[in-house]
Amino acid sequence: MSAPILTAGQLRRERLALRARGARDFARRFGRRREGVIGVAILVLYVLLAIAPSFFVGSLETAVTASGGRLEPPGTVHLLGTDEIGRDILNLTVHGARVSMVIGLLATVVTVLLGVVVGIISGFVGGWVDTILMRLTDFFLVLPTFVLALVMTPIIRDMLGGGGEILGVRISLLVIVVAIGITSWASTARIIRSQTLSIRERAFVDRARVIGAGPGRMMRTHILPNVMNLVVANAVLVFAGAVLTETGLSYLGLGDPFQPSWGQILNAADQAGAPGLGAWWYLVPPGASIVLVVLAFTLVGGALDDVLNPRRAGRR
Amino acid sequence: MSGPSPSRAAPGPAGHAPGHATPVEPKAGRVLPRLADPDAPLLVVEDLRTYFTMETGTVRAVDGISFRLDHGESLGIVGESGCGKTTAALSLIRLLPANGRIVSGSVRLYGIDLLARPADSIRRYRWREISLVFQGAMNALNPVQRIEDQVAEPIEDRLGVERSRALARAGDLLELVGIPRARGRAYPHQLSGGMRQRAMIAMALACDPAIVIGDEPTTALDVMVQAQILALLERLRRELRLSLILITHDLSVVAETCDRVLVMYAGRVAEEGRVARVFVEPRHPYTRLLLGAFPDIRSDRRTLEIIPGSPPDLRTPPPGCRFAPRCPAALAVCTEVEPPEVRFDDGVRVACHLHPPGSPGATG
Amino acid sequence: MGSRYLLRKLAQAFLTVVLIVLVNFVLFRAMPGSPERILLGRNPHVSAEALAQTKARWGLDKPLFPDQFVAYVDATLHGDLGFSYAYRGKPVTAVLADRVGPTLLLFGLGELIAIIVGLAIGAYSGWRRGGFVDYVGNGVSLVLYSMPYFLIGMGLLVVFATGLGWFPTYGMMTPGMTYKDTLDQTLDIGGHLALPLATVSIGLIGQYSILMRASVIETLSDDYITTARAKGIRDIAILRRHALPNAMLPAVTLIAVNLGYVVAGAITAEKVFSWPGLGTLTVEALEARDFPVLQGIFLLLSISVVVANLIADLVYGLLDPRVRT
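Chains as they are written, first to last, in our numbering: chain A, 12 to 327; chain B, 381 to 744; chain C, 6 to 330.
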């Protein structure tokens, strides 16, 4: 038996070096896309706000701890004015970042998980499993999922009963996460299935099958890593959609006044008659934040997609 | 359909270039473009260079090719994929994507330098003087438009013929290429690959061009259909006195149908001359290997001679002769100096240090 | 268009509707606590006979499958969707019927405007890619795409209604007003319609122009465009004859796919202006936990989207000869 060509240690080092090179290359190509960089900058800002809102503006003001007068326009004490019960809008908006982003994140995780699992299984296993899953996916694609989420949420809430929290997030909001997840997975599943189908045809999958790898193992170790690029680019866009959906649902009254997201703030503004009273300071901060965050995700998602999944550039 | 036909007096042989057939005069009754010089050769390309700007660098796809085409001749341009054949063809009518530009050189059609003309005037020469038949006609045809409409489009649009007459003429052209007139009502996806290719040929003939360029016109077809298409092209060439440029990587096609052949490698001309000469006595090592790599059903060669290595990266072409890294007969000078082009008595041009100026038979 | 295509699309639509009815049933009747939720026992405004009638009709003392389900389907097909809590026992169908008109008006006009304007802007942007109009237009569209419809609505309201006072701030008609004639009424409705319509149109235009732009750009890299250029056809003619007809195809598909999201925007946009359509009805029903009405809305909206998708499929079939066989 001849000596091995590379030791295990060398192999590991080679792999790391390859990954590092890949990461540098990625960073360089991503950095070239200006819109992507701007998007990342915006997201970093909001993620910081979301992680530790109290650090920036103190704890969330409530009706009891409201610090200002009623519907005061922006001034020196309250930079962004106050709401109808005297709470500082800046305070509300920064705390809203946490709620909106966390709900968005959780909903994205559920959506992507469901979508990837369905997509890979459907694409890889094929046959009647694929047919049934695809019918299901198509159904969810046609369905106006917002409406479904809308009617699901109060029903599930009713079923689960009162308040209470899990991991710092109120149950009522977690219900929204589930609702968004259940209704948004379909387009991810479609995309992942396409990619799975094309990977499946590649030689290395055949070789794995020949040496006796089981389907579960093949899906995990061969298909999954190769769809990750697509998953990442897709997840970012899903996040954008999740934030928009949560905002919409909260605006319609399904939010939680005790953990207000931006949508919930806007709902409260609406109910206080802010638009009719011209209290623009109540609307602009949460509104602008929504637009900035969704825009940032869209830009980053687009740039990621460009870099990770390059399509034909010039021809001939 | 054709305008008034001033019969031009037969032009005298305009410089009887060695290796070229006695220049055939332009088809009688053919109306030449306004700026045309009736005594000039049909097409002369000199030192054409076309580069592409990509994110990763500038690709020198065509880096100095020259050739000449006379009336009624058919020239085959051969080379591996990516050697610049298609780009060269597109450059003739300045049909490049946004990141491509013709850096230098001249393309003289009847003596008119098409590259020197203002940008929008090239449109006038497209299709009426030079037309193309693309490969993979499924994508080259508009999927939501009927075949007859696509064939009639240039007749209507460029020649100002009114619709019903244009459609009638389209029907004639379809019949000419072997497609029943009634099939003209079909959409591209309803035709077989071979019929689509014929339709493209019919379309290319619509404005009675002087030159038809076929870019791999038979590549996507099976052998039987391929033979039919080639036979069709040859027949049309004779009947309509067309000049043909056939771009292909398939030497057998060139051997069948072309008068002369131009062998391209990495954006440059390796060898060029009459098919009868080049195929029998190939001078450039690349040509030799190409011919060797070609299965000959009559020979008793058992193994295929594959050309080792792969074409160079045209962003950073190697110094000297571009074929040197793969050339079995490379000399030291080959990796330093670009080989000069040498013309031989039998009309063949070669760019190779194995055939320097002063070799036996060279005309200097 | 080919009958096979037509039949296939009809069959798919029918199957989807069946599934929707099933989901509706599961959501509203089969979930724990459902019968009481839907049952009118909580509704003091319904008479005892109506109560008994409905109980029998829906078979609420019988098992879920198949009895209740069959009864449910039967009732639905006969237009019996139950009674509303909030509207004092009024049948759900009647409640919905009251509100459909304003929504159709708002959405019909909005879609029409958006399709014409949005696709035009998108096509021009895609064609003149990189030009100033494209850059600005793309940027604006991107921002609009990131804005929930209600935000656009709020913005317009604050500026044009509250701020400038050009338009009323809510409703479809001025309350308590008497009209001299139809023209007068139309003008009043028109004034109220302006901002909601602007909201919906702007939101949709943002979406459709991005969509069409991408589609045109994709189409322009197709080979037959090169063929057309090689033929010496003028740019405008290439756009009109080759690029647009082909770019329309994925555009129609994408418009259809987006219809579900349009509905989402619809509901929220109506709320901003208290436009008396299905959107505000949804909000009211949510607040009042009026489940029968919610169920009816879900059914109506879902089936509408399916029908709209079907229409889009048929339009596609007319445009693309490849599916006609």
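All C-beta atoms in this analysis are idealised placements derived from N, C-alpha and C, irrespective of residue type, glycine included.
Since this is a predicted model, take the numbers as computed values, not measurements.
### Message
Quick check: the Cα distance between residue 110/C and residue 199/C, rounded to an integer number of angstroms?
### Response
12 Å
### Query
Tell me which same chain residues have a C-beta within less than 7 Å of the C-beta of residue 83/A, skipping the five on either side of it?
89, 92, 93
### Query
What is the rounded straight-line gap between the Cα of residue 273/C and the Cα of residue 162/C?
14 Å
### Task
Tell me where the beta strand (DSSP E) around residue 593/B begins and ends.
591-595
### Task
Scan the stretch 138-165 of chain C for residues whose Cβ lies nearer than 8 Å to a Cβ of chain A and list them as they occur along the chain.
147, 148, 150, 151, 152, 153, 155, 156, 159, 160, 162, 163
### Task
Can you grab the Cα-Cα spacing for the pair residue 186/A / residue 129/C, in whole Å?
43 Å
### Check whether residue 309/A and residue 263/A have beta carbons under 8 Å apart
no
### Task
Using 10 angstroms around the beta-carbon of residue 619/B, count the other beta-carbons present and answer buried if the total reaches 16, otherwise exposed.
exposed
#### Entry: Closer than 8 Å to chain A by CB, residue 320/C
no
### Message
Between 570/B, 487/B, 551/B, which has its C-alpha nearest residue 521/B's C-alpha?
### Response
570/B
#### Entry: Against chain B: residues of the stretch 251-266 of chain C by CB proximity under 7 Å
251
### Message
So within the stretch 485-559 of chain B, which uninterrupted beta strand (DSSP E) runs reach at least 3 residues, ignoring any that extend past its ends?
### Response
510-513
### Message
Rounded to whole angstroms, what is the Cα-Cα separation between residue 281/A and residue 274/A?
### Response
10 Å
### Query
Cα separation between residue 46/C and residue 179/C?
Its pLDDT being 44, under 50, residue 46/C is placed unreliably in this model, and the coordinates cannot settle the point.
### Message
Within the continuous beta strand (DSSP E) that includes residue 576/B, where are the two ends?
### Response
Residue 576/B -> not in any beta strand (DSSP E); alpha helix (DSSP H) instead, spanning 573-584.
### Query
Closer than 9 Å, Cβ to any Cβ of chain B: which residues of the stretch 211-236 of chain C, in chain order?
226, 227, 228, 229, 230, 231, 232, 233, 234, 235, 236
### Query
At a Cβ threshold of 8 Å, is residue 269/C touching chain A?
yes
### Message
By alpha-carbon positions, which one of 265/A, 47/A, 98/A, 285/A ends up nearest to residue 169/A?
### Response
265/A
### Task
Taking C-beta pairs closer than 8 Å, name the residues in chain A that residue 109/C reaches, listed in chain order.
By Cβ distance, chain A contributes nothing, its closest Cβ being about 16 Å from residue 109/C, past 8 Å.
### Query
Exposed or buried, which one is residue 555/B when buried takes at least 16 other CB atoms within 10 Å?
exposed
### Query
What does residue 262/A reach in chain C if we use C-beta pairs closer than 8 Å?
153, 155, 273, 276
### Task
Step through the CB atoms of chain B and report whether any lies within less than 8 Å of the CB of residue 201/C.
no
### Query
Could you give the distance in angstroms between the alpha-carbon of residue 142/C and the alpha-carbon of residue 293/A?
29 Å
### Query
Roughly how many angstroms lie between the CA atoms of residue 454/B and residue 236/A, to the nearest whole one?
52 Å
### Query
Beta-carbon of residue 145/A versus every beta-carbon of chain C: anything under 8 Å?
no
### Message
With the cut-off set at 8 Å, would you say residue 480/B and residue 430/B are in Cβ contact?
### Response
yes
### Own chain partners of residue 659/B with C-beta closer than 7 Å, once the 5 adjacent residues on each side are dropped
635, 671
### Query
Counting contacts by CB-CB distance shorter than 8 Å, is residue 79/C in contact with chain B?
no
### Message
Determine, for residue 139/A, whether the minimum Cβ-Cβ distance to residues of chain C falls below 8 Å.
### Response
no
### Message
Going by the DSSP bridge assignment, what does residue 482/B pair with across the sheet?
### Response
430/B
### Query
Within 10 angstroms of its Cβ, does residue 316/A collect 16 or more other Cβ (buried), or is it exposed?
buried
#### Entry: Three CB pairs or more closer than 8 Å across the stretch 494-513 of chain B and the stretch 435-448 of chain B
no
### Task
Identify which residue in 470/B, 693/B, 663/B, 632/B has its Cα closest to the Cα of residue 425/B.
470/B
### Task
Would you check if there are 3 or more beta carbon pairs closer than 8 Å linking the stretch 179-189 of chain C to the stretch 92-108 of chain C?
no
### Message
Using a Cβ-Cβ distance cut-off of 8 Å, determine whether residue 645/B contacts chain C.
### Response
no
### Query
Listing by chain order, which chain C residues have their CB less than 7 Å from the CB of residue 50/A?
By Cβ distance, chain C contributes nothing, its closest Cβ being about 11 Å from residue 50/A, past 7 Å.
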